[in-house]
Every structure is written in structure tokens, then in C-alpha cells.
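Participant:
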Amino acid sequence: QIGLVRKDCQEQGIVRIGAVADSYHAVKSHQSSSGVWCYDNFTEVGSNSTGLVKSDTHDREKNCIVWPINHYLGLNRHPKVIEASIEALKQFGTGCGTSAMSGGHSSLHKLAEKRLAAWLGKEAAILFPTGYSANVGAISALAKGPSCFILFDRECHASIIDGVKLSGAKFLPFKHNDPIDLARKLNKFASQYENVLVVVESVYSMTGEEACLREITELKERYDFLLFVDEAHSFGLHTERTLCTKFGLTDKVDFVMTTLSKSTASIGGVIATTNAFKTLLQVEANAYLFQAAIPPSDVAAIMAAMDVIEDTPELLSSLWSKVSYMRTKLTELGFDIGSGTSPIIPVFIRDSDTLLRMGQDMYDDGVFTTSVAYPVVKHSEVRFRFILNESHSYEQIDRTLAVLERLGKKYGVVAS
Ligand code: PMP
Numbered sequence: 013q014i015g016l017v018r019k020d021c022q023e024q025g026i027v028r029i030g031a032v033a034d035s036y037h038a039v040k041s042h043q044s045s046s047g048v049w050c051y052d053n054f055t056e057v058g059s060n061s062t063g064l065v066k067s068d069t070h071d072r073e074k075n076c077i078v079w080p081i082n083h084y085l086g087l088n089r090h091p092k093v094i095e096a097s098i099e100a101l102k103q104f105g106t107g108c109g110t111s112a113m114s115g116g117h118s119s120l121h122k123l124a125e126k127r128l129a130a131w132l133g134k135e136a137a138i139l140f141p142t143g144y145s146a147n148v149g150a151i152s153a154l155a156k157g158p159s160c161f162i163l164f165d166r167e168c169h170a171s172i173i174d175g176v177k178l179s180g181a182k183f184l185p186f187k188h189n190d191p192i193d194l195a196r197k198l199n200k201f202a203s204q205y206e207n208v209l210v211v212v213e214s215v216y217s218m219t220g221e222e223a224c225l226r227e228i229t230e231l232k233e234r235y236d237f238l239l240f241v242d243e244a245h246s247f248g249l250h251t252e253r254t255l256c257t258k259f260g261l262t263d264k265v266d267f268v269m270t271t272l273s274k275s276t277a278s279i280g281g282v283i284a285t286t287n288a289f290k291t292l293l294q295v296e297a298n299a300y301l302f303q304a305a306i307p308p309s310d311v312a313a314i315m316a317a318m319d320v321i322e323d324t325p326e327l328l329s330s331l332w333s334k335v336s337y338m339r340t341k342l343t344e345l346g347f348d349i350g351s352g353t354s355p356i357i358p359v360f361i362r363d364s365d366t367l368l369r370m371g372q373d374m375y376d377d378g379v380f381t382t383s384v385a386y387p388v389v390k391h392s393e394v395r396f397r398f399i400l401n402e403s404h405s406y407e408q409i410d411r412t413l414a415v416l417e418r419l420g421k422k423y424g425v426v427a428s
């Protein structure tokens with residue numbers, strides 16, 4: 013069967029899992045040659061979205077407007093979030109000292125699981141130490157062994173792919189955001205397996221595009237599979253809390269996953285599902301059983317962030333106004349920003365040499381962001397990725413747009 017699946021995969025020109033893994037190795041070597049950047053977000057430097065950006069291999073540091081951070085609602089410096097975290101530190105101390113299963117969870121963790129289950133629209137929720145380990149732990153536990161088959165969007169996050177590889181299940185990526193290709197593969201392979209798991213993201217992290225969730229859930233009427241949706245890039249950004257709920261689809265999704273390191277500005281991962289599946293994950297997911305739990309102070313930060321989101325609905329409207337402003341301005345300037353709608357805004361450059369030189373000029377002009385370079389993507393798809401946080405001011409957005417306009421014209425990315 014493995015041979016069959018791989019052959020089919022190659023025939024259709026679809027990337028094999030091995031090829032996906034190869035590209036991760038290439039990313040790692042690319043990063044080590046260009047240096048790993050860090051930034052210190054000192055309050056005296058300015059707002060939440062500026063900081064001192066440094067490279068560990070190049071002798072350079074500069075105050076920049078910072079664009080690669082996923083604190084969508086800027087809550088990492090919110091006084092209530094910091095205060096709650098300090099109080100929990102005093103009460104519970106640092107760290108947990110052991111995994112959830114061996115007693116590492118406090119009453120705060122239990123409360124957080126209840127509250128997250130309600131936010132994610134499910135009966136139960138289970139907390140993992142990170143979003144990465146939630147995906148690896150849950151996927152590898154849910155689709156165990158060769159009687160299971162996993163279909164996943166080929167642009168899924170590395171944590172999903174690592175969970176798939178660890179599961180021992182047969183697997184196949186389907187074409188990015190293409191329910192027709194998914195249906196074709198379900199039709200061809202699903203009946204050969206006892207259990208089929210389909211994994212998608214609600215918003216894709218490299219493009220900011222929303223998944224075709226409605227079409228994918230409709231496939232459940234024809235094929236028997238469990239659906240797993242990673243909401244890392246949408247959780248907390250809508251009044252309904254998730255995109256699945258916003259579109260009225262939560263009941264059709266078996267597992268709603270999110271990370272707690274983005275809108276809730278802390279750390280942790282969560283899977284929301286039924287009580288029965290929660291019990292299964294508690295005994296089968298090694299990342300839950302054998303990994304130290306989230307420190308209570310970080311759980312307190314998550315819950316305080318949820319309070320702030322509930323009490324300050326204008327945070328969401330402000331974020332979305334800024335997203336629409338920045339997307340509109342970039343399009344008016346002539347930049348290709350793809351078809352997404354989220355705060356993740358790709359600016360396609362489509363030429364590797366230009367990406368490199370424009371990125372250096374941007375840093376010199378005080379704007380720092382991620383370059384999505386070859387071999388992560390093809391030369392023709394290289395881009396900058398801007399992640400808009402509510403804490404970016406309009407003044408910072410305008411300054412960034414002015415730098416992009418000047419450099420876009422200099423390098424012929426947009427017409428002068
Ligand atoms: N899923 C997706 C879609 C992600 O983008 C990420 C992180 N960028 C994760 C999972 C992992 O989350 P964390 O970094 O909080 O462990």
C-alpha cells in the first residue's frame with residue numbers, strides 16, 4: 013500500500029512527504045548561513061511593535077518596526093495579562109515540574125481547559141505545552157498505524173507534517189486549498205482504510221488565505237472521515253472566536269486545534285473535541301503524557317488575554333480596520349498580495365535576488381520582517397510576510413508603506 017500511495021503521489025506530480033522534509037532541511041541550512049535574527053522589545057524604544065533587531069552572525073543592530081510577530085492583538089504587554097501572570101507566579105511558583113498526566117496540571121489548567129472548550133465550541137478541551145506538540149501529539153495518537161490514512165493540505169504547518177510522519181499511518185498531501193483534489197483522493201483511497209483523518213488549517217500561515225472549510229465539511233456527507241482543523245491563525249480574532257464557528261461549521265469538525273502563543277500572547281496548544289476523544293488523547297498522546305505542562309503563570313496569561321478579548325470587542329474591530337487599510341494601500345501601490353484576507357499579508361516579489369537586496373534595504377530603513385525565500389518556496393513565489401498586530405499604529409503602517417513604495421519602485425516590483 014505504501015508503494016501504491018507513493019506511486020500515485022509521484023504520478024500526479026504532488027510533493028511527497030520526503031520532499032516536504034527535504035525542504036525543511038534546506039530552510040535550516042539557509043537560516044544558518046544568513047544568521048538568526050532576534051529582537052528586544054524595550055518599552056523605552058517605543059510601542060509594542062518596535063524593537064532593537066539584531067543578528068547573531070552579522071555585527072548589526074537597528075531599531076525597527078517589527079512585522080514577523082504573531083501577537084495579533086498586541087496583548088503581550090497588556091497590563092492585565094502581565095499582572096495575572098505575576099500573581100500566578102507568586103501563587104504557584106515557576107514551572108510545573110512534570111507532565112499533565114503525572115500531576116503537573118493545577119486548578120488553573122483545569123479552568124483554562126473548560127473555558128477553551130467553550131470558546132472553541134466543543135464538549136471538552138485538552139491542553140498541550142505548545143501548539144507544535146499539540147499537533148504532533150494529537151495527530152500521531154489519532155491515526156495510529158497502517159490501518160489509518162491521513163490526507164492533509166500540502167501547505168500545512170511543520171507540526172502537522174511531523175505528527176503525520178510519527179503516526180505510522182499511510183498519508184498523502186492534497187493540492188493546496190483544493191477540495192476537488194481532496195475529494196478525488198478520498199474517492200480513490202478512503203475505502204481501503206479503517207480510519208481516515210483529514211487535516212487542514214483555517215488560515216494558512218504563508219499566504220493568509222482562508223481554507224475552503226464549507227466545501228471540505230460538505231465532503232463528510234459523502235465520505236467517512238474525521239476532520240481536524242488548525243485555527244492557529246484565526247483563534248480569538250473574530251467575535252465567534254474561531255472561523256469554524258463563524259461559518260456555523262464547528263459541529264462538522266471533530267477536532268478544533270489552536271495555539272495559545274498568538275492572539276492570547278502566551279504559550280500552549282489546545283485540542284477541542286468530545287469527552288471520549290479527550291480521554292483517548294490523555295492516554296495515547298505522548299506529548300501530553302511525557303512532556304512538562306505549561307507553567308501556571310502562562311496559563312494565567314492565557315485566561316487574562318481571553319478576559320481582555322471578551323471585555324474589549326473594539327480590539328477586534330480595530331485590528332480588522334488596520335488589516336483592510338494596509339491591504340488596500342498595498343494593492344493601490346501595485347503590490348501583489350495574493351488573495352488572502354487575514355492579518356498575515358504576503359508581499360510577492362517573485363525574484364530571489366530582489367528579495368534579498370530589498371530585504372537588506374528595508375532593514376536599513378528600519379523595517380524588519382520575514383523573507384519567505386527559496387527553497388521554502390519556488391523562486392517565482394518568494395515574498396515578504398507582514399503580520400499585522402493591533403498594536404501597530406497607523407503611523408507605523410504608513411512609514412512601512414512608504415519604505416515599501418520607495419524600494420518597490422527602486423527594484424521594479426511596482427511601476428514608478
Ligand atoms: N500550527 C500552525 C498553523 C502554526 O502556524 C504554528 C506556529 N507558527 C503552530 C501550529 C505551532 O504553534 P506554537 O509555535 O505555538 O507551538
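If you count the sequence shown from 1, you need to add 12 to reach full-length UniProt numbering. All C-beta atoms in this analysis are idealised placements derived from N, C-alpha and C, irrespective of residue type, glycine included. From a predicted model like this one, the values you see are computed outputs, not experimental measurements.
Note down, in chain order, each residue of its chain lying with its Cβ closer than 7 angstroms to the Cβ of Gly58, except the 5 sequence neighbours on either side.
Facilitator: Locating residue 58 in the sequence shown gives position 46, where the first residue counts as 1. Note that Gly58 scores a pLDDT of 48, beneath 50, so its modelled location is shaky and nothing firm can be said.
Participant: Based on the DSSP output, what are the partners of Asp236 in its beta bridges?
Facilitator: Taking the sequence shown and counting its residues from 1, the one referred to as residue 236 is at position 224. Asp236 pairs with nothing; no bridge assigned.
Participant: Could you compute how far the alpha carbon of Met374 sits from the alpha carbon of Ile409?
Facilitator: Mapped onto the sequence shown, residue 374 falls at position 362. Mapped onto the sequence shown, residue 409 falls at position 397. Going from the Cα of Met374 to the Cα of Ile409 covers about 14 angstroms.
Participant: Measure the alpha-carbon distance for Ser119 versus Thr382 and round it to whole angstroms.
Facilitator: Your numbering for residue 119 matches position 107 in the sequence shown. Your numbering for residue 382 matches position 370 in the sequence shown. C-alpha separation (whole angstroms): 38 angstroms.
Participant: Under DSSP, the alpha helix (DSSP H) around Val394 begins and ends at which residues?
Facilitator: Here residue 394 refers to the residue found at position 382 of the sequence shown. Per DSSP, Val394 belongs to no alpha helix (DSSP H) and is neither H nor E.
Participant: Quick check on DSSP: helix, strand or coil for Asn82?
Facilitator: Within the sequence shown, residue 82 is the residue found at index 70, counting from 1. Coil.
Participant: Look up Ala316 in the DSSP assignment and say whether it is helix, strand or coil.
Facilitator: Working through the sequence shown from its first residue, we reach residue 316 at position 304. It is helical.
Participant: Could you please give the first and the last residue of the uninterrupted alpha helix (DSSP H) stretch that includes Cys256?
Facilitator: Residue 256 sits at position 244 when you count from the first residue of the sequence shown. Element bounds for Cys256: 255 to 258.
Participant: Quick one: is Trp332 near chain C, going by C-beta distance under 7 angstroms?
Facilitator: The chain inventory of the structure shown lacks chain C, comprising one protein chain alone.
Participant: So His245 and Ser273 are supposed to be a Cβ contact under 8 angstroms. How far apart are they, rounded?
Facilitator: As a working note, residue 245 is residue 233 in the sequence shown. As a working note, residue 273 is residue 261 in the sequence shown. Actually they are not in contact, since the Cβ atoms of His245 and Ser273 sit about 11 angstroms apart, beyond 8 angstroms.
Participant: Pro387 by DSSP, collapsed to three states: which one?
Facilitator: Counting from one through the sequence shown, the residue named residue 387 turns up at place 375. Three-state result, Pro387: coil.
Participant: Just the Cα atoms here: how many angstroms apart are Ser45 and Ile321?
Facilitator: Here residue 45 refers to the residue found at position 33 when the sequence shown is read from its first residue. Here residue 321 refers to the residue found at position 309 when the sequence shown is read from its first residue. Caution is warranted here: a pLDDT of 44 is assigned to Ser45, below 50, making its placement in the model unreliable, and the coordinate value is therefore given only provisionally. Ser45 and Ile321: Cα-Cα distance of roughly 40 angstroms.
Participant: Can you tell me the Cβ-Cβ gap for Ser97 and Ser309, rounded? I've got them flagged as a contact below 8 angstroms.
Facilitator: As a first step, residue 97 must be located in the sequence shown, where it is residue number 85. As a first step, residue 309 must be located in the sequence shown, where it is residue number 297. 5 angstroms between Cβ atoms; contact.
Participant: Under 7 angstroms between the Cβ atoms of residue 471 and Ser278?
Facilitator: Summary: the structure shown does not reach residue 471, with the chain confined to residues 13 through 428, and so no result is reported for it.
Participant: Looking at the unbroken beta strand (DSSP E) that takes in Trp270, where does it start and where does it end?
Facilitator: Along the sequence shown, read from residue 1 onward, the residue named residue 270 stands at position 258. Just to set this straight, residue 270 is Thr in the shown sequence, not Trp. Start and end: 267 to 271.
Participant: Helix, strand or coil: how does DSSP classify Val335 here?
Facilitator: For this step, residue 335 is matched to residue 323 along the sequence shown. Val335: helix per DSSP, three-state reduction.
Participant: Would you check whether the ligand PMP has a heavy atom nearer than 6 angstroms to the C-beta of Glu221?
Facilitator: Working through the sequence shown from its first residue, we reach residue 221 at position 209. Checking every heavy atom of the ligand PMP against the Cβ of Glu221, none is found closer than 6 angstroms.
Participant: Bridge partners for Ala136 per DSSP, in chain order?
Facilitator: As a first step, residue 136 is located in the sequence shown; it is residue number 124 there, counting from the start. DSSP lists Thr285 as partners of Ala136.
Participant: What are the start and end residues of the alpha helix (DSSP H) that includes Val93?
Facilitator: In the sequence shown, counting from the first residue as 1, residue 93 sits at position 81. Here the alpha helix (DSSP H) through Val93 covers 91 to 104.
Participant: Report the three-state DSSP secondary structure of Ala304 (helix, strand or coil).
Facilitator: For the purposes of this step, residue 304 is taken as the residue at position 292 of the sequence shown. Strand, per DSSP.
Participant: Is the stretch 284 to 300 close to the stretch 327 to 341, with three or more CB pairs under 8 angstroms?
Facilitator: The stretch 284 to 300 is not in contact with the stretch 327 to 341.
Participant: I need the DSSP call for Pro141, collapsed to helix, strand or coil.
Facilitator: In the sequence shown, counting from the first residue as 1, residue 141 sits at position 129. Residue state, collapsed to three classes: coil.
Participant: Kindly indicate which residue of Thr285, Val388, Leu123 has the alpha-carbon position closest to the one of Val311.
Facilitator: Along the sequence shown, one-based indexing puts residue 311 at 299. Of the listed residues, the one whose Cα sits closest to Val311 is Leu123.
Participant: Any heavy atom of the ligand PMP within a distance shorter than 6 angstroms of the CB on Leu217?
Facilitator: Here residue 217 refers to the residue found at position 205 of the sequence shown. The sequence given here has Ser at residue 217, not Leu. Checking the Cβ of Ser217 against the ligand PMP gives yes.
Participant: Do Phe161 and Phe201 have their CB atoms nearer than 7 angstroms?
Facilitator: Here the question's residue 161 lines up with position 149 in the sequence shown. Here the question's residue 201 lines up with position 189 in the sequence shown. Result yes, Cβ atoms of Phe161 and Phe201 sit closer than 7 angstroms.
Participant: Which partner residues of Gly63 appear in the DSSP bridge assignment?
Facilitator: Sequence index remark: in the sequence shown, residue 63 carries index 51 (1-based). Note: Gly63 sits in a beta bridge opposite Cys76.
Participant: Measuring straight from C-alpha to C-alpha, what distance separates Glu407 and Asp323?
Facilitator: Sequence index remark: in the sequence shown, residue 407 carries index 395 (1-based). Sequence index remark: in the sequence shown, residue 323 carries index 311 (1-based). Roughly 26 angstroms separates the two Cα atoms.
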